[in-house]
Amino acid sequence: MRKEILVTNMQRFSVNDGPGIRTTIFLKGCNLKCTWCHNPECIYPYQEFYYMETKCMRCGHCSEVCPEGAISPPGPNGEFPKRYRNKCTSCMKCVQECPYNALEIIGKHWSIDEIMHEVEADRLFYENSRGGITVSGGDPLYNSEFTVEILSRAKEAGIHTCIDTSGFAPWEDLKKVLIWTDLILFDIKSLNLQKHKEVTGVSNELILQNLHKICSEKKKIRLRLPIIPGVNNEAEFIHAVTELARGLGDAVEGIDLMPFHNWAMGKYKQLDRDYLFTEINSIAPEDLVGFEEIIKSYGYEVTIGG
Ligand code: SF4
Ligand code: SF4
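The numbering used here puts the sequence shown at residues 499 to 804.
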């Protein structure tokens, strides 16, 4: 097994990723490519870099040091250098050599011991708030072996564990992760197979099969519904998911509505990726009160924002 893993963020004092105060570990790598992804820097399982145009002085040094020709020199009329990400091999020479800190590495290699050291620092907060750790991403199941390692170390240390997942993984991998997981935050994006494929890149069949299997293992689940304009922002979806939850017996502890926001727009620009939601406004929590009422009417505990 690999000795280190790429982590984009160790977020201490999280209050929206499971019960109590938590440390959320964002791993790099995901099998889905959701069009609205709020953490686009976590999708690919290799190191990348942000390019910040406002800091770039167009000196051209990045272009000179890149061994792959993945950055063009600045243009004669003051044009900024262009990045050709498909040629990039993640050597990070450009980042190290930029004299103006206009480039920033995404993803740092952490060992399990380093992760646990950071996690242990907030043990008192977990104990006083009934919190713990949450492994997120990306998707913790993309790196399932490493996720097992983190969760098992936490459980052995008496720390509550959550995963925040799309549920898209071979059952054998998921099963090993579940042994060490107290609560699963299980995302549902669409119940329509075609729509799911269109907006995430994969079918929802495996996801729904896994959801049923998790519940038959008597594991506790919170369903997380990212509410996305043009994808699932409709009462029909909420009714359908709540009906699905009913069929899962008492495994479902509650349902979290996660409103779409466009705060990630800047990250897409810095990653040189297209963002399809530029013209779409964020959804305010108060806009979801109607959906909240529908879920409550089925008898489920519900949050807006997790
Ligand atoms: S080295 Fe830095 S400041 Fe110079 S052109 Fe490249 S990104 Fe811009
Ligand atoms: S990370 Fe390496 S290969 Fe990629 S653009 Fe920078 S210097 Fe070139």
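For glycine and all other residues, C-beta sits at the position ideal for the given N, C-alpha and C.
(1) Contact between the segment 582-599 and the segment 545-564: three or more CB pairs below 8 Å?
(2) Given the structure, does Glu566 come close to ligand 2, in the sense that its CB is under 7 Å from one of the ligand's heavy atoms?
(3) Using DSSP's beta-bridge definition, name the partner residues of Ser634.
(4) Which residue comes first and which comes last in the beta strand (DSSP E) that contains Trp669?
(5) Enumerate in chain order the residues of its own chain whose CB-to-CB distance from Glu625 is below 6 Å, with the five nearest sequence positions on each side excluded.
(6) Determine whether the beta carbon atoms of Leu649 and Trp678 lie at a separation below 8 Å.
(7) Tell me which same chain residues have a C-beta within less than 7 Å of the C-beta of Arg771, skipping the five on either side of it?
(8) Within 10 Å of its beta-carbon, does Val646 have 16 or more other beta-carbons around it, so buried, or fewer, so exposed?
(9) For Lys693, report the span of its alpha helix (DSSP H) as first-last.
(10) Taking the Cβ atom as the reference point for each residue, do Thr521 and Ile631 lie within a distance shorter than 8 Å?
(11) In the DSSP assignment, find the alpha helix (DSSP H) that holds Gly788 and state where it starts and stops.
(12) When every heavy atom of ligand 1 is checked, does at least one fall within less than 7 Å of the C-beta of Ala600?
(13) In angstroms, rounded to a whole number, what distance separates the CA positions of Lys526 and Gly747?
(14) Looking at Cys557: is its Cβ nearer than 8 Å to the Cβ of Pro517?
(15) Can you check which of these residues, Ala782, Lys767, Glu784, Pro783, is closest to Lys776 by C-alpha distance?
(16) Let me know the beta strand (DSSP E) ranges lying completely inside the segment 728-769, each 3 residues or longer, listed in chain order.
(17) Could you tell me if Ala611 is buried or exposed, where buried requires 16 or more neighbouring beta carbons within 10 angstroms of its beta carbon?
(18) Sort Leu742, Pro783, Val505, Glu654 by Cα distance to Tyr640 and report the nearest one.
(19) Just curious, the beta strand (DSSP E) that Asp620 is in, first and last residue?
(20) In three-state DSSP terms, what is Thr552?
(21) In chain order, what residues of the same chain have a beta carbon less than 6 Å from the beta carbon of Arg628, not counting five sequence neighbours either side?
(22) What do you reckon, is the C-beta of Pro538 under 7 Å from a heavy atom of ligand 1?
(23) Along the chain, where does the beta strand (DSSP E) containing Ser664 start, and where does it finish?
(24) Got a sec: does ligand 2 put a non-hydrogen atom nearer than 7 Å to the Cβ of Ser570?
(25) On the CB-based measure, 16 or more other CB atoms within 10 Å of its CB, does Leu691 come out buried or exposed?
(26) So, do the segment 780-792 and the segment 727-734 have three or more beta carbon pairs nearer to each other than 8 Å?
(27) Measuring only from the beta carbon, is Met590 closer than 7 Å to any heavy atom that is part of ligand 1?
Walking through what the data contain:
(1) yes
(2) Locating residue 566 in the sequence shown gives position 68, where the first residue counts as 1. Within the cutoff, so yes.
(3) Working through the sequence shown from its first residue, we reach residue 634 at position 136. According to DSSP, which records beta bridges pairwise, Ser634 is partnered with Phe524.
(4) The residue given as residue 669 occupies position 171 in the sequence shown. No beta strand (DSSP E) holds Trp669; the alpha helix (DSSP H) holding it covers 669-676.
(5) Stepping through the sequence shown from its first residue, residue 625 is reached at position 127. Excluding positions up to five away in sequence, the list is empty.
(6) In the sequence shown, residue 649 corresponds to position 151, counting from 1. In the sequence shown, residue 678 corresponds to position 180, counting from 1. Yes, they are a contact pair.
(7) To locate residue 771, count along the sequence shown from 1; it is residue 273. Once the five neighbours on either side are set aside, the close Cβ partners of Arg771 are Pro538.
(8) Reading the sequence shown from its first residue, position 148 is the one you call residue 646. Label assigned to Val646: buried.
(9) Taking the sequence shown and counting its residues from 1, one reaches residue 693 at position 195. Start and end: 691-698.
(10) In the sequence shown, residue 521 corresponds to position 23, counting from 1. In the sequence shown, residue 631 corresponds to position 133, counting from 1. A contact, by the Cβ cut-off of 8 Å.
(11) Residue numbering aside, residue 788 sits at position 290 when the sequence shown is read from its first letter. Counting along the chain, the alpha helix (DSSP H) containing Gly788 begins and ends at 787-795.
(12) What you label residue 600 is simply residue 102 of the sequence shown in a count that begins at 1. Checking the Cβ of Ala600 against ligand 1 gives yes.
(13) Taking the sequence shown and counting its residues from 1, one reaches residue 526 at position 28. Taking the sequence shown and counting its residues from 1, one reaches residue 747 at position 249. Each residue's alpha carbon lies about 33 Å from the other.
(14) In the sequence shown, counting from the first residue as 1, residue 557 sits at position 59. In the sequence shown, counting from the first residue as 1, residue 517 sits at position 19. No, the Cβ-Cβ distance between Cys557 and Pro517 is not below 8 Å.
(15) As a position in the sequence shown, residue 776 is number 278, starting the count at 1. Looking at the sequence provided, one finds Thr at residue 776 rather than Lys. Among Ala782, Lys767, Glu784, Pro783, the Cα nearest to that of Thr776 is on Lys767.
(16) 750-757
(17) In the sequence shown, counting from the first residue as 1, residue 611 sits at position 113. For clarity, residue 611 is Asp in the given sequence; the question names Ala instead. Classification for Asp611: exposed.
(18) Here residue 640 refers to the residue found at position 142 when the sequence shown is read from its first residue. Of Leu742, Pro783, Val505, Glu654, the residue nearest in Cα terms is Val505.
(19) Reading the sequence shown from its first residue, position 122 is the one you call residue 620. No beta strand (DSSP E) contains Asp620, which DSSP labels as neither H nor E.
(20) Residue mapping note: residue 552 aligns to position 54 of the sequence shown, counting from 1. DSSP places Thr552 in helix when its eight states are reduced to three.
(21) Start at 1 with the first residue of the sequence shown, and residue 628 comes out as number 130. Hits under 6 Å: Pro517, Gly518.
(22) In the sequence shown, the residue the question calls residue 538 occupies position 40. Flag unset: Cβ of Pro538 not near ligand 1.
(23) Looking up residue 664 in the sequence shown gives position 166. Run containing Ser664: none; DSSP gives neither H nor E here.
(24) Counting from 1 along the sequence shown, the entry for residue 570 is found at position 72. No - ligand 2 has no heavy atom lying nearer than 7 Å to the Cβ of Ser570.
(25) Position 193 of the sequence shown, counted from the start, is the residue given in the question as residue 691. With fewer than 16 Cβ atoms within 10 Å of its Cβ, Leu691 is classed as exposed.
(26) yes
(27) As a working mapping, residue 590 is identified with position 92 in the sequence shown. False, no ligand heavy atom lies under 7 Å from that Cβ.
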